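Position 17 of the sequence shown, counting from 1, maps to 18 under this note's numbering, and the rest follow consecutively. Just so you know, even glycine gets a beta-carbon here, dropped at the ideal spot from N, CA and C. These figures come from a predicted structure and were not determined experimentally. First comes the structure, then the notes that go with it.
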Amino acid sequence: QLQYLREGLAQAEALLDSFKNEEANLVLVPLVDQLPHLQQLYTDLGLRIRMRQAEALEKDHQDEIAMRKLLEVIEDGQKHRQWNAVANAQLSLARLYEKIGQSETCRSKLLQAKATVVHHQLDSIYPRLSIRLASYHRIFGTLDSARYYAEEVLRTAPPLGQKGETAVGNLLMGMLLSKTDLQASAQYYRKAGNRWKSTKDYSGYGATMGNLAGLYLWHGFPEQALLYNDSSLYAARLDTASGNDQLTAFYYY
């Protein structure tokens with residue numbers, strides 16, 4: 002029975018990675034329905050499945066329902082001392098509030114997540130916490146604070162083997178330096194792109210090539226920009242071949 006849940010979760014995660022959100026939710030709904038019968042509603046596995054359902058709902062623009070489900074995960078995780086799930090749900094909530102522009106609520110959730118991570122020594126979640134703090138300060142705070150947390154990502158994610166978090170850390174550094182240091186920004190973007198390409202994450206790779214195109218265009222190098230624009234479109238073809246059928250970002254490029 003647990004193998005059924007694990008296989009279903011893996012299938013849903015693959016669909017989410019391909020932006021097939023409705024299909025992912027169709028897989029997740031029966032999994033969630035089975036959790037009480039299998040006595041898995043409050044386990045780490047069960048809470049991860051419930052968080053993925055919230056993610057699928059968010060990606061399907063059902064933010065209010067997603068928020069409610071994340072709050073339920075936090076409450077249940079606290080009751081049953083599942084601190085990894087609590088911290089990750091708090092960070093997902095913070096990201097949602099950042100997306101809709103509610104800076105104070107976003108900050109509150111980040112502080113709650115930070116307290117959970119520090120108190121329970123959740124070292125594996127610290128890079129994700131740093132990503133969210135860097136993103137918050139990039140939008141609502143100061144660039145110095147954003148850069149500090151982006152550097153924290155790059156300090157802590159590689160030793161943990163977290164390639165995705167490392168790529169995001171490089172992406173953030175590229176964004177933070179984009180207006181002031183062309184060469185350094187481009188170098189960070191290339192590192193991010195190479196990380197995503199090495200793991201066959203062509204969506205992340207293509208978006209980063211698009212950032213490079215925008216960077217060179219902004220600094221007055223249109224021919225260089227066009228080369229990276231072509232790279233982003235090449236990545237779009239690879240991404241389509243791997244199953245991603247939601248490529249609006251590439252239409253922009």
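C-alpha distance - residue i paired with residue j, whole-angstrom precision
i    : j    : result
L130 : L213 : 26 Å
L123 : T117 : 8 Å
Q2   : E23  : 24 Å
W197 : T106 : 31 Å
K180 : R7   : 44 Å
L216 : A208 : 12 Å
V87  : Q79  : 7 Å
P56  : L46  : With the sequence shown as reference, residue 56 is identified as Glu, and Pro is not the correct amino acid for it. Answer to the nearest angstrom: the Cα atoms are 15 Å apart.
H81  : R148 : 36 Å
Beta carbon of residue i nearer than 7 Å to that of residue j
i    : j    : result
G175 : Y190 : yes
A151 : A135 : yes
L218 : A193 : no
R133 : A95  : yes
Residue from the options whose Cα sits closest to the Cα of residue i
i    : options                   : result
Q91  : K60, M52 and K80          : M52
I50  : A67, Q63 and H62          : A67
N245 : Q4, E14, Y137 and Y43     : E14
F222 : L239, Q184, A237 and S233 : Q184
K21  : M210, S199, L32 and Q54   : Q54
S19  : L228, Y229, S232 and Y203 : Y203
Coarse secondary structure for residue i, derived from DSSP in three states
i    : result
L97  : helix
G244 : coil
D34  : helix
Y45  : Per the sequence presented here, residue 45 reads as Asp, with Tyr not at that position. Helix.
S19  : coil
Residue i: CB within 6 Å of a non-hydrogen atom of the ligand ZN
i   : result
W84 : The model on display carries no ligand, and the ligand ZN is accordingly not part of it.
- Every unbroken alpha helix (DSSP H) inside the region 54-83 [4 residues or more]: 64-80
- Message: If we require 4 or more residues per run, which alpha helix (DSSP H) segments fall completely within the region 89-138?
- Response: 104-120
- Task: Any chance you could list the alpha helix (DSSP H) runs of at least 4 consecutive residues sitting entirely within the region 200-245, in chain order?
- Result: 203-219 and 223-242
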